[in-house]
Each structure stands twice: as C-alpha cells, then as structure tokens.
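Structure first, then comments.
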Amino acid sequence: MFKKRRSTPGSSPATLVPHLVDGKAIKAKIQVVEYDLTHFIEKEFTEVSEVIAMLDIDKVTWINVDGLGDLAVLESLAAHFKLHPLALEDVLNTGQRPKSEVADDYLFIIAQMVYHDQKLELCGEQVSMFVGKNFLITMQEEPDYDVFEHVRERLRSGRGTIRKSKADYLAYALLDSIIDHYYPVLEKIGSDIDELESRLLLNPSRDMVQKLHEYKRGLTQLRRYVWPMRDVVNSLLHDNTVYVAETTKIYLRDCYDHTVQLMDLVESYREVSAGLMELYHSSVGLRTNEVMRVLTVITSVFIPLTFLVGVYGMNFAPHTDDGKPLPLNMPELYEPYGYVILLGVMAVIAIIQLYVFRRMKWL
Amino acid sequence: MFKKRRSTPGSSPATLVPHLVDGKAIKAKIQVVEYDLTHFIEKEFTEVSEVIAMLDIDKVTWINVDGLGDLAVLESLAAHFKLHPLALEDVLNTGQRPKSEVADDYLFIIAQMVYHDQKLELCGEQVSMFVGKNFLITMQEEPDYDVFEHVRERLRSGRGTIRKSKADYLAYALLDSIIDHYYPVLEKIGSDIDELESRLLLNPSRDMVQKLHEYKRGLTQLRRYVWPMRDVVNSLLHDNTVYVAETTKIYLRDCYDHTVQLMDLVESYREVSAGLMELYHSSVGLRTNEVMRVLTVITSVFIPLTFLVGVYGMNFAPHTDDGKPLPLNMPELYEPYGYVILLGVMAVIAIIQLYVFRRMKWL
Amino acid sequence: MFKKRRSTPGSSPATLVPHLVDGKAIKAKIQVVEYDLTHFIEKEFTEVSEVIAMLDIDKVTWINVDGLGDLAVLESLAAHFKLHPLALEDVLNTGQRPKSEVADDYLFIIAQMVYHDQKLELCGEQVSMFVGKNFLITMQEEPDYDVFEHVRERLRSGRGTIRKSKADYLAYALLDSIIDHYYPVLEKIGSDIDELESRLLLNPSRDMVQKLHEYKRGLTQLRRYVWPMRDVVNSLLHDNTVYVAETTKIYLRDCYDHTVQLMDLVESYREVSAGLMELYHSSVGLRTNEVMRVLTVITSVFIPLTFLVGVYGMNFAPHTDDGKPLPLNMPELYEPYGYVILLGVMAVIAIIQLYVFRRMKWL
Amino acid sequence: MFKKRRSTPGSSPATLVPHLVDGKAIKAKIQVVEYDLTHFIEKEFTEVSEVIAMLDIDKVTWINVDGLGDLAVLESLAAHFKLHPLALEDVLNTGQRPKSEVADDYLFIIAQMVYHDQKLELCGEQVSMFVGKNFLITMQEEPDYDVFEHVRERLRSGRGTIRKSKADYLAYALLDSIIDHYYPVLEKIGSDIDELESRLLLNPSRDMVQKLHEYKRGLTQLRRYVWPMRDVVNSLLHDNTVYVAETTKIYLRDCYDHTVQLMDLVESYREVSAGLMELYHSSVGLRTNEVMRVLTVITSVFIPLTFLVGVYGMNFAPHTDDGKPLPLNMPELYEPYGYVILLGVMAVIAIIQLYVFRRMKWL
Amino acid sequence: MFKKRRSTPGSSPATLVPHLVDGKAIKAKIQVVEYDLTHFIEKEFTEVSEVIAMLDIDKVTWINVDGLGDLAVLESLAAHFKLHPLALEDVLNTGQRPKSEVADDYLFIIAQMVYHDQKLELCGEQVSMFVGKNFLITMQEEPDYDVFEHVRERLRSGRGTIRKSKADYLAYALLDSIIDHYYPVLEKIGSDIDELESRLLLNPSRDMVQKLHEYKRGLTQLRRYVWPMRDVVNSLLHDNTVYVAETTKIYLRDCYDHTVQLMDLVESYREVSAGLMELYHSSVGLRTNEVMRVLTVITSVFIPLTFLVGVYGMNFAPHTDDGKPLPLNMPELYEPYGYVILLGVMAVIAIIQLYVFRRMKWL
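Protein chains in written order, with the working numbering: chain A, 20 to 382; chain B, 20 to 382; chain C, 20 to 382; chain D, 20 to 382; chain E, 20 to 382.
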C-alpha cells in the first residue's frame, strides 16, 4: 500500500526513469482545457508539440497528463515550461510525501489522491501540479482514476467563479477536490471500525484483530499523507508568491480547515481503534477468566467426590481367602446404609464447596 | 456522536445544501432581540425582510436563527449582512471544528454546545456566530435545545453590564454560556467514572469495560471540541480586530481560563479512565491467577490420591481360578490393616502437598 | 480530591456565591500584620472597617482572610482595594488552576496548598493573593490549616530580609512556603510507592494495585497544580510589572528552581508508578505461568497412570458364569507378577514424562 | 550494533587515539581525485606528502582516506588543511551522531552509512567530510565498503553537472549517495516485517517475537541516525556559509526531502512493528482462550460422568458374607436394565452440558 | 538513589544547614591549585584564611572543597568571593537539578557526577562550581570520590592548553570530565541490559523483570541529570557572559555534543528496556499458551478413555444373587474378545483426537 518508488541509490540527481504500473509503461494521454470567461476549449492529444501549438497566453491552459510511462512527453513539456529536472524526478518517483516548492517560473505541488478500489483496498495515486501564471500542468500515474471530473464539469458549465479566475484558482479547485475525496475514504474506515466495535463486544474472534490491525495500518498511511497535505495548503496560504492571488487565499483557508478536520478525523479514528484493541484484550482476558472459573468450579467439586468413590472401589479384602479376617479393611462397605451415608457425605461436600465458591463470587 | 456533515466531494466551494435533522429540513425560527441601555425589544419572526425592517443602527441587534433547513432565510441574511458564502457553507455543514475567522464586516465564530439528552447520550449542536459592530447573528441546528436562556434573562432584566455593552460583549456572554455548559457534562462523565471505579474494584464485569470504553470515546470527542474552543477564545483575545473591545477582553480572559480548566478536566479524566482500564486488566489478571491457584491446589492434591485408590481398585488376581497363586499380585490387599495404612499414606501425601503449596504462598 | 467549584452555567460573569465548606459558610477571620523595619503590629479582626482604619501607607500591610463564607467581608475589601469582581469570583470558586494576572492596582495570584490530612488523604486548599505596592491580601478557604506560620514567625522575630522588604517579598515568602510544603507531600507518596514496590515483588495482591492506582491519581492531581505553579512563578519573573522588585526576582528564581524540581519529582514518581504497574503485571503473569506449569506437570504425569489403573480395574470376565472361557479378556490380570510389571511400566512412563518436562525447562 | 567509540574519560580534549577495527589499526589508503570540467586525475597514495605535492588550486581535489589506524596520515592532512584537532577526534571516535559544523577554513560534516552485511546484520560506518573551497576530504573507517562508487563513475565519465561544479556539489553528491543507501536497508527491514506479519497471523511462535524485537532495535538505531542527518542537511541549507553555493542548495533541498521521507519510513515501520507486537499479543491471548475453552468443555463434560461410573464401581456389599442383607447398599446394581438406564442418564447429562456450552458460545 | 536534600519547608531563604553524609558532618578538605603558564602550586588546607592569604590575582586559583559539613569554611569563602547565600544553600541541599546561573561576580554551575559504587549501585554526587575571572571554586559532598584526577594530572604536567588558559577553561575541563564519566556508567547499564536480553530469550524468570525494572529506574534517574546537563552546557555556550571566553566555546561545543550523545544513549537504552519488558511479556504469554496446550492435549486425550475404563469398572450385576438374570447389565463384559475390542475402540478415539489437535496446530 502506498509504495514509494525511488531511483537507484547513487544515481545522478534528476535521473529520469519511466514510471511503470505493474511493470508496464503507460502511454501518456494529454487532456488540454483552455478557457477564459467567454471561451472554453477541451481537447485530447498524444503529442506535446500539438499542445504547445495551441497555447494562448491570454487564457488559462490546464494540461493534464495521464500516464508517466513516456519520458519524451514529460521532457518536451519540461523544455517548454522550464520545469526543473529534480521536479520531474519527483513526478516519476511516485509515492512522494505531499509538498510544495516555489520555483522561478511556477509553483510545484505534489499531492496524493486516495480511494478504495473494487476489492475495497486502500489505494493512492500521486498528482503532481505545476502552477504557472496562466497554465496548470497536472501529472497523474494512470488514466483510470481521478477526482477531477466535478471540476471539469464546473469548467464546462461555466458555473461558479472558476472560469473568471486564473490558474491558481484552478489549482485550488483540484487540491480541494483531492482533499474532499479523503472524506469518503475515512468515513468508510470509520464505519467499518464502528461495525467492528459492535461485533467485537458480542464475540471477539481472531479475524477481527487482523481487520483492526489493517485499519490501523490504513490510518497510519493516511496520516502520512494528510499531515503534509495540511503543510502544503498552509504554505500556499503563507508563502507570498506571485502564483497565488489574495482572492484565492480565502478559498485556500477553507481548504486548510478541511485538512485540519481530516487530521482530526484520522487522529480520532486512531484513538478509537487503539481503544478497540484494548477493549478486545479486556474482552478476551475476561472470557478466559470466566472459562477458567467454570472449569475450576466443576473440577473442584467433582475431583474430591471422584476420589471418594475411588476409595470405595478399592479391593481390600475383608478376610483372606481362607476366611481369616483382615481387620479394618474397608469395614464401611459392609455397614448397613453405608452407600446412602456416603452419598449424603458427598452431597454435603459438594454443597459446602458450592457455598464457598458463591461467597468468592465465582458463581 | 458528533457527526460531521460535508458537501459532496468535488462540489463547487460554498455550495449550500439545506441542513437536515433526521432527514427533515427544519423551518427557521428567527428570534430578534434589540436593546441598548434603556430599550429592549424581543420578537420572533419567520421572514428575514421583517427582521431587516426593524434594524436600528444605534442599538445592538441579536438575531438568533433556530433551524437551518431553509436556505432562503440564510441567503437573505447573508445578502443583507454581507456574509461570505464559505462561512454559510460552514454554518450548514455542522459538526465543524470550533474556529474563528476575521472577515471584512464581521467576526465569524463556530462553537459547539454539548449536552446529555434524555437517554443520557452525549450530543453536540453547532452554534455559528457572526459578530458585527452592532449586530450579532447566531445560527443553531434546531430550536429544541440551547444554552442561551440565562443570557436572555439577563438581557431582559437589564442586570449586569450586558445592556451597557456592544455586540462583542453579547457574543462573549453566549460563548461563556456555551463553555460553562461543558462543566455539567464533564462532571456527569467524571462521576460516572468514579462510580465505575468503585464497582470495578469489587467485581469487574464485561459491561464495565464497555462503559469505560464509551466514556473514553466521549472524552475523546469532547477533547476535539475543547481544544479548538480554547484557540477560538485565545485568538479573540489576541487578534486585534475592531470587533472585540478592550473592555470585553477582561471577560474573555476569564472565559479563556475556563477553557484551560476544561482541558485540564478532560485530560485528567482521560488519564483516570486509562488508569481504570489498567486497573481492570490487573484485576482480571489477578483473579485468573487466583482461580488458577485454587484449581491447581485442588487438582494437585487429589490427582495422586485418586491414582492410588485406582491402583487398589485393580483386579489383579491373587491366584488363578484353580487356586495356583500368582505371586506379588497386589498382596497389599490381603494385608491386615492394609486399608488403614493406605489411608494414612494418602493423608501424609496430602499434608506434604499442602505444606509445599503453603510455602510457595499459594494458600 | 481537589474538587473544582463553579458558578451555575450561564450566570452573569463575576456572580459571587459564598464559599461553603461541607455545606457551611465559614465566617471570615481577618488577621492583619503591619510592619516595616522597625515596627510590627499583629492583630485579628472580624470587621473590614477596622482593618481599613488601621492601614498605614508607609508600612507593609498583610491582610489574611481565613474563611470565604461571608460575602460582605470580601466585598468591602474589594471596594477599598479596587479588586476586580472577576478576581473575587475566582477566589470563591476554589479549586482554580494556579495562575497570575496583572491588574491595574495589584497583581493577582492563585496558588494551591496541598497536605495530607489525619486520614492521610491528599487535600488541597486554595490561597488567593492580591499583591499591591504596600499591601498583600491573602484569602484562604478555612482557618484550620495554612503553611504561613514560619513566615509569621520570621516577621515577628525580624530575622532575615523580610522586614526590610516590601509586599512583593512577603508574597514571595508565602509562595515559597506553599511550594516548599509540596515536598513532604511528594516524599510521603514517594516513600509509600517505594514500600509498595518492595512488597509487590514479594507477593502481589489486589489491594496493592488499588493503592498504586490511588497514588497515580494523586500524582496526576499534583501535576495539575505543579505545572501551572511553575508558570505562575515564571510569569512573576518575566512580566515586568511594578509589583515585583528586581531584588525579589533573585529569590523568585530560587523559587522557580523549586517548582522545576517538583515537576521533576512528580514526573519521575509517575514513571516509577507506571513501571510498578508493569512490574505487577509481569509478576502476575509469571505466577500464573508457574502455577500452570505445576498443574500441567502433575496432571500430565498422573492422568495416563490413572487411565492405566482404570484399565485394570475393569471387570471383563475371563470366562462366563458357566466357565466357558472368554479369550483375551484381560489375561494380564492372571499373569504371575502382572501387578509388579504394571507398577514398573507406570514408573517408566512417569520417569519419561519427568525427563521430557525437565528438558522443556518446566521443572 | 552502531557502537560509539570514545576517549578515556577525563583525557585531554582532542586526544587522538588510532581507530581500530576488530583490534587492528588499518593502514590508511588515500585515493585522490582531482578534476575540473576538462581534466580528471585519479590516483592512489599512501603518503600525505605526495598528495600535497599534486594539489592544484584551480581544480577540485577529493581526498578520500580509507582506514583510520595511522595517526600520522591524519595529522599531516590536518596540518596542511588546518583541520581542528577536536574535529579529528570526532573522526577517530566513530559512531558519532551525524552533525555539521562551520569552521574557519572548512565545513565539517559527520554522516553515517548503513548497510546489511553478508550475515544480513545491520552495520554502520562513519564518513567524516571536510568541505573546503576547492577540496573535499572524506575519511572512512575501513576500505571494504563505501557507497561512493556511483559518484566516482559520474566523475570519470564527466556526466551530469558534477564536473562543472565545485567541492560543495561533490559533498552534496556523496551525502545524497549516503542517504540514498538508507532506502534499500529500510526496504529490507520493511519487507521482513511484512513477511513476519503474514506468518504471525498464521501461527505465532516465539522466534518471531524475537525477530520483531530485533527489527525494532534496528529501527531505533536507524532513527538515531536519520533524524540528525535531516538536521545536517537542513543546516547546510540554511546556514549561510561560503562553502555551500546557492546553485547547490537546489540539490540539497532534494536531499532534504529524502531525509524527511526516510524519517517518515522509519516512523511508520516503527508503528507497524508496534502494531504487530500488539497483534501478536492478541493472537496469543486468543489462542490461550480457545485452548482453555476446549479443555474446559471436555473436562466439564466428562468429569461428572466419570464420577458417576466411579460411584457404580464401588464395592459396597449388598449383604454380609453370611448373607445378612445390608439394606440400600447400591441396589441400582441389581436392578434390571440398571446399566442401560445409567448410560441414558449420562447421555442426558452430557447433552445438557453441551447445550449450555453452546449457548455460552463456547462451542 | 539520587536523593534530594531540602531545607525545612517555610524556613527563611538561604538558610544554611550543614550537609551530612550518613548522619555525620564531614570536615572540609580544601585543595588549592594555583597556576599560570609557568608556575604551578598545589596545596592542601583546612582553614580558609590560609587559602585567602595565598591568592595571587595574576594566576588562576582552583579551590576545591571536599566535604560540606562545616558551615564556617563555606561562609568564609562566600564572604571573600561574594558568593550569594542562595547559591550556598543550593550547594548544601545536594541532589539539585544541574543548572547554571550568572551572578555579578561569578558564574554558578551545579553539576552531578554519577558512578557505580562497589556494590554496583548507581550513586550520584553533586559538584558545585563558582567560576570567576581568575578563580574557580568547586564544592563536593565528600572527599572519597571525584572525577578530576585526570585534570589535575594535566595541570601538573602542563600538557595541553589547560595551563595557558583561564578559569573558564578549567571549568570546562572539569565539566567535560564529569560528562565523560557518564559514559562508563551508561555502558555498564547497556551491557547489563544486553546480557539480560540474551538470558531473557532463553528462560524468563521473575528476578529478571525486577532487574529490568531497576535498570529502568536508573535510566530514569540518569535522564533527570543528563537533560539539564545539556541545558547547562548550552547556556554556557549561548549566554554572553564575561566568564566564558570565545576560545573556550569551541571546546564547550564539543562538550555539548557529548551531552547530546548521552541523551541519545539514555533514550535508546530506555527504548530497548521497554522493548525487553514487552518481549518478556510475550515470552511469558507464549509459554503459558504452550503449557496450556500440552495440558489440554493430554487431558483431552485421556479423560474420555478414563471415562470408558471407568464404565467397565462398574459393578452392575449380570444376575441377582439367586441367579435371576438382570438383562442388559453390562453384557460387554461377558463377550469374547470384549477387552480387546474396547482397547481398540479406545485407540481409535485417541488417534482421532490426536489428528484433530494436529489439524488445529496444537501439536
């Protein structure tokens, strides 16, 4: 989960290696959206040269690259927009910690999307953003999943302030969308934990601990993304760069509140799951204790009785074969009512024991 | 408990969705109180236009909106008082983390009330405040519960400094009332924990752990509210805005002390409940140990004896059917006093065992 | 222990409610000490007017109010010395967190004394101080206990620098005395914990855990007082008010060192008691393990043997009543030396088992 | 693992003691690389004087000393490059915490390489660097292992920016290589932990806990290196010395990101291994519980039955030898179908017990 | 261990009470060393007046007082060197937290030496230093142990920079020696913990937990000294007083590094010992589990068999005394091969059970 890709140790800085998904290099798909208040163009390309040809300096251009398997695409983009090779390396070595960096010609942001896949496993995908004055380049690992559809919809429809604003607002809108999509993931984990809690109290079993352990790992991972996401938004708010307009900062503050609330959620789910683990331990401990008590009571009541009946099952001979009496060899066996008396004695022993156990609160 | 409402991920910022309670949109009830040192008006409306008609710039107007199901009401208020849509969104998405924000025309505060409902379950309700120069707008989720009755009483009676002061003092009075009402909630949890403690020491049972777990969850939740409440009051104290007068700050400092004491209480109850969990574990562990010891002593004493009587219950024949003696086949059975001797031997074995166990401090 | 008194939620700020001890309002006893280098007067009053009549602006006046049951006394004092009603409210709502506040006419300090009462239970009592230029007002909950006798003695005897100094030094002397009296309390807890430790290692029992739990609660409480006490002394050192002279600060630094050492002590006792709890757990766990081992060894050795003797206690008939032989029905019973051979076999089984257990390090 | 060497306590500061590896002083091997954009010389010496003879002030000289057993070498270098004796002492007392210090003539950096040796044990080796304007001196404990081969390769081939840059870039390249080599080490531990996790869930055994404990120790050790490594890189970034050019800082920021990610990795592996330990505990607790339950059920079912058959194995005589009847002495034995009835009774008892256990969820 | 001495609570500040060791006041032994680059005098006195007589303002004088039982000595020194009474009180109330204070005429430093005594118990001894321009006064609790012999040796021999430097360098040399002597103490604890670790894995026993607990307490105590020692050195480095020369600061920085490394060591030993405690717990838990398993398997296999043989040991009569057959009363006993069949049945039962246990991984 959330694996970090890295260059070979010792390799030259900014060594670019094509990004592989399950061993395959994914061909880049380039979606370009160009808009201002009145115009809106949405196209898809595979060649960077075509993209560059259509750039219009008066409009905002959003270039979304899906698939990082083709170095040529990235390098042509880098050449045209003067993207730093170290930044490109971070784009390719996915699984990075979210961060933001101010460069000469753009703002570089790394964010992480999370989602549950079909098998309900927690997945992450890195989104890298280059925010310029009038362009925004986003790069994603693969084309299958992203969380930007709503934003595209808003762009197309011209609703809200998005078409009136610059690239920084678009970047905010994407970041906000990424952050918003943490909520359903966290809520899924939260409701799973709640469900586990109610089952745990009824009947603790081993697979639950395992599940709980998985949730805790998931939360640990999410935490590793959410904390730096907060720092990213915070630095966007407080670094005074030309790339973030004051009007956008009001929205970023809202976005910042969301990251704080996410952290709050993550931390409280972590606490709850730690509490559950403890609850589980107590539950199991108490059960063991109860089982022990039952065992002890039953064993303790019957063992002396079994000993007694064993005594009277012994074969001491009352007299030798030839009739010479062997004195005191189990005369009880030859007493009238001996059996009944013994049964009575045993009943008394059992009752005394039960009384003692009751007083010790074992029953 | 304390659920966070949120917009659909990816939706436009400041998308307003009516707030539902148990699936129903609650119609807004608007209580307006207008006062200065000599005048006092208290009215109830359902239309915002009526409210706006009666506004008097020389008096302090407190507009309390109960029920957030009707967007029209909120939007008209927002239009007149220039409330930012993002703030309104926070008002509607209840369960927010307490916070305060300075806007151009007002101070925006989110606070959380907590109380135990009839079923003694911990509940929370969000109160949003817009503090202007001469107005205060408060918005609550539902009309059934609030903690402002005492403040209204003070306004009506003209007691204290409240009628002499501006909207900031009123906001302080409401905040203080909200914070004061955390005390009974915490004290209830505290006394529940104390009661649990005394019962736990007598006889630990599974439902107690579950209760303790619930209290811990409740404390975790309260903590999530109390900490940012402190930050809110602190920022009101230290942000130099025109909306908080210096004279009010003396009172806010008092309020700040209360939040610090609340945190103190929450933290020490958390510690106590963690200690109780530990106590519980030790208790159970020790009980298991005691039970084990009894079981072991009884079993260990009787098992060898039972073996012995088993030996003398064997049917080895002293001679064949036709009288040929089978040497050494259980001659003890044919000894005079054999039975008594065996009983004596068994008594000696038992006594030795008891002595050993006593020395090992198991008895 | 250390209960916090509070006003009714929602009540007006600075609502004064007489302070009750066990439900009774304690009449104030006012001790006044007035001194300079050459003069010394010590008197006791019940009326504030008499106190005010004797005030001498050239001397230092220490007014010590014992018992907070009479609002009139406090209010007259407040009126004369311009004490803020919010401060008075803190005086009455005892159990406050220690704090210091700078007001226009005085420095307001809340401190907490702790002591073990006759039943060796940990108690706290709040001392509130108003430090003016030439006066010091202290207010205590009840007259039975305070820690100021040594200071009074020094004042009477004229020893040390105390008679040469102003009210700030007197305030320091009282604070120092309060802080010094934490040491015996902590040392008592420390030696109790040490004693518990040595007993715990010999024979863990349930009442010890309970005791340990109590000590931990006590330490948690002390911690809640010691940390803010440190902050109080620190702020006295670093806030540049006219009420604390530079010459006094040298002494306050000494006092500060003491609070740091107290914190050190509290923290290390907390660590030790946490360590003891752990030790206790291991002890119990290990004991359970030992008990189990004994049980297992004894049971495992005897159960197969008991089975064997049970086998030869069966009544399979060697021949029918009419003498028809039933082949292979327990021929061992009719073997010569069968009994001895069986005893031998059982001895071998037992020895093998003991050897195995020894190798598994269970014996 | 990662032992810290130290001088004899009380010895003079900067007392130089030859560094021994397994008790042997290793003779220094001096590799010198001198380069600028167009020239490149790589030589190996054993005498410092030869090194000094070849120094060229217009080129960057990298002097790599492998083996610290010969004080003379170090002292001649120190004399020529004005290295401070305290720095030399740190070079010799390996196992230092990574740190950086600015001196008059150079920047002094201590870093730690880590690797798994052939036995897969975690090892550390100290690298000390003196970064001057046009020279870089690195000192390593032994010649067998270093992580600089890739950098040498880049120097030889003239690839990248390394040949165009000064000594600071070379130092960066070496630091980066050191930091990069933490990744494989951490990933090895990470995959070991993952493997352990899957085995743990199947069948917990004692050697796993031991392994887990070892990993945790390893992570604790790595943490002790990674945290200060981050500080080192950070101080290089922010201390404004003449020894680090602005152009190099872009690369150092990349390097800093790596240290932050390393810390992230270390911390999350630590959390995972703590979670595993907990998982292990729960697993074992639950198993004990299950085992107990089986034992209890079997014992509880059979013990009463065994008692019953014991009862009917008693030898109470129905009549005396001479035929006088002994009334009520086990008449059941002489009832028709007595045996079958008893078997039935026992079956009923067993069934009731099983039903009870089922209801208690023990089966 | 490391007891804190304190004045009676409430006593005047700077109340001097002779320091007792085991109830006895130790007579002060005054060693004086006076030196500059060319001169060196070393003498021993018992009277302070003699010391003062020999003071030479152009040389550095080190006055080392061993034994604090004689107030007259301390007071005469204080009078001559203008030492503050509060400082003297700290000298006498040993067990102080390490600290440094700048006074008008000197720098006051409290440090703590630690060592293992003959019984290998951890001991501490306080060293108080007054660093003036040309004098250094050190005060120790008792003459038996100090760590300054190496420094005296360096003074005598004139080696190193010590004779060329002022009192501040001497103070540094002593502090450095004190700090250096923490290493052997910590290494002893470290190797004890390592040894314990290897034994723990083989066979956990109760005395080990106790030992571990002791080590943890020792580490807690050391930590209480090491942390403030670091602060002391740090404040010497950064407070700009006339008493510490810039040239000395280079050495102090080295000293500071050592305190940081000590903290590092203490913290990692603490972590290791916490890990060991956990390992111990798991070990014991696992052992209990194994023991349980063996017990359960043996018991479960034999209990049904024992029941069966009990059945056939019952004495149901096949016919009445007078030969009337009692039908179905244990006909098995009168079957040919009945015994063998029963043995077979029992073998089958045992085999099935063993198979089941094997499948449940209990064998």
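No residue lacks a Cβ here, since even glycine has one placed at the ideal position from N, Cα and C.
* To do: Kindly identify the DSSP beta-bridge partner or partners of A384 of chain B.
  => Any question about residue 384 of chain B goes unanswered here, given that chain B covers just 20 to 382.
* **Burial state of E168 of chain A (16 or more Cβ within 10 Å)** => exposed
* **Where G177 of chain C falls, given that 16 or more other Cβ within 10 Å makes a residue buried** => exposed
* Asked: What is the rounded straight-line gap between the Cα of W246 of chain E and the Cα of G294 of chain C?
  -> When rounded, the distance between both Cα atoms is 21 Å.
* Around the C-beta of V251 of chain B, are 16 or more other C-beta atoms found within 10 angstroms, so that it is buried, or is it exposed? -> buried
* Interface residues of chain D facing Y202 of chain E [CB-CB closer than 7 Å] -> R25, P28
* Three or more C-beta pairs closer than 8 Å, one from the stretch 77-89 of chain A and one from the stretch 38-45 of chain A: is that the case here? -> yes
* To do: Could you give the DSSP three-state label for Y356 of chain B: helix, strand or coil?
  => Note: Y356 of chain B maps to coil in three-state DSSP.
* To do: For P337 of chain A, name the three-state secondary structure that DSSP assigns.
  => coil
* Asked: Under the three-state reduction of DSSP, which class applies to H58 of chain A: helix, strand or coil?
  -> In the structure shown, H58 of chain A sits in coil (DSSP, three-state: anything other than H, G, I, E or B).
* Three-pair Cβ contact test at 8 Å for the stretch 309-322 of chain D versus the stretch 254-266 of chain D -> Proximity of the stretch 309-322 of chain D to the stretch 254-266 of chain D falls short of the contact definition, fewer than three beta-carbon pairs being nearer than 8 Å.
* To do: Measuring alpha carbon to alpha carbon, tell me which of C:Y358, C:E69, C:V313, C:L256 ends up nearest L126 of chain C.
  => C:L256
* Quick one: give me the first and last residue of the alpha helix (DSSP H) that G385 of chain B is part of. => What the structure shows of chain B is the stretch from 20 to 382, and residue 385 of chain B is not part of that stretch, so it cannot be assessed.
* To do: Starting from I128 of chain E, trace the beta strand (DSSP E) both ways and give me its first and last residue.
  => 126-135
* Asked: Which whole-angstrom value describes the C-beta separation of G329 of chain C and G329 of chain E, a residue pair presumed to lie in contact below a C-beta threshold of 8 Å?
  -> 6 Å
* Asked: Does the ligand FAD have even one heavy atom less than 7 Å from the beta-carbon of G114 of chain A?
  -> Absence of the ligand FAD is noted for the structure shown, with no ligands found whatsoever.
* Is there contact between the stretch 122-136 of chain A and the stretch 204-211 of chain A, where contact requires at least three CB pairs shorter than 8 Å? -> yes
* To do: Take F335 of chain D and list the residues in its own chain whose beta-carbon comes closer than 8 Å to its own, dropping the five residues that flank it on each side.
  => Contacts found: L345, N348, M349.
* To do: Compute the beta-carbon to beta-carbon distance between L174 of chain B and V52 of chain B, rounded to the nearest angstrom, for a pair I have assumed lies under 8 Å.
  => 6 Å
* Spatial neighbours of K183 of chain A in its chain, beta-carbon cut-off 7 Å, leaving aside the 5 residues before and after -> Within the same chain, K183 of chain A has close Cβ partners L56.
* **Sequence ranges, alpha helix (DSSP H) only - wholly within the stretch 140-188 of chain E, length at least 4** => Here the runs fully enclosed are 168-176.
* Which ranges would you report for the alpha helix (DSSP H) in the stretch 191-222 of chain B if only whole runs of at least 4 residues count? -> As far as the stretch 191-222 of chain B is concerned, its whole alpha helix (DSSP H) runs of at least 4 residues are 201-221.
* Asked: If you scan the stretch 72-115 of chain E from start to end, which runs of the beta strand (DSSP E) of 3 or more residues do you find wholly inside it?
  -> 79-85
* Beta-carbon separation (whole angstroms), V40 of chain A vs E160 of chain A, contact threshold 8 Å -> That pair is a contact at about 6 Å.
* Euclidean distance between Cα positions of H232 of chain E and G29 of chain E -> 36 Å
* To do: Report buried or exposed for K185 of chain B, applying the criterion of at least 16 other Cβ atoms within 10 angstroms of its Cβ.
  => buried
* **Test item: CB-CB of S292 of chain B and Y234 of chain B under 8 Å** => yes
* Asked: Going by DSSP, what residues sit across from P346 of chain A in a beta bridge?
  -> Per DSSP, none; premise fails for P346 of chain A.
* For E233 of chain C, which three-state DSSP category applies? -> helix
* To do: Select from the stretch 294-314 of chain A all residues with a C-beta closer than 9 Å to any C-beta belonging to chain B, and list them in chain order.
  => G294, L295, E297, L298, H300, S301, S302, G304, L305, R306, T307, N308, E309, M311, R312, L314
* To do: With 8 Å as the threshold, decide whether the Cβ of S196 of chain B is near any Cβ in chain C.
  => yes
* Neighbour flag for L345 of chain C against chain E, beta carbons, 8 Å -> True, the Cβ-Cβ gap to chain E drops below 8 Å.
* Quick one: what does DSSP say S119 of chain E is sitting in, helix, strand or coil? -> strand
* To do: Kindly identify the DSSP beta-bridge partner or partners of E63 of chain E.
  => Looking at the DSSP assignment, E63 of chain E forms a beta bridge with E:Q50.
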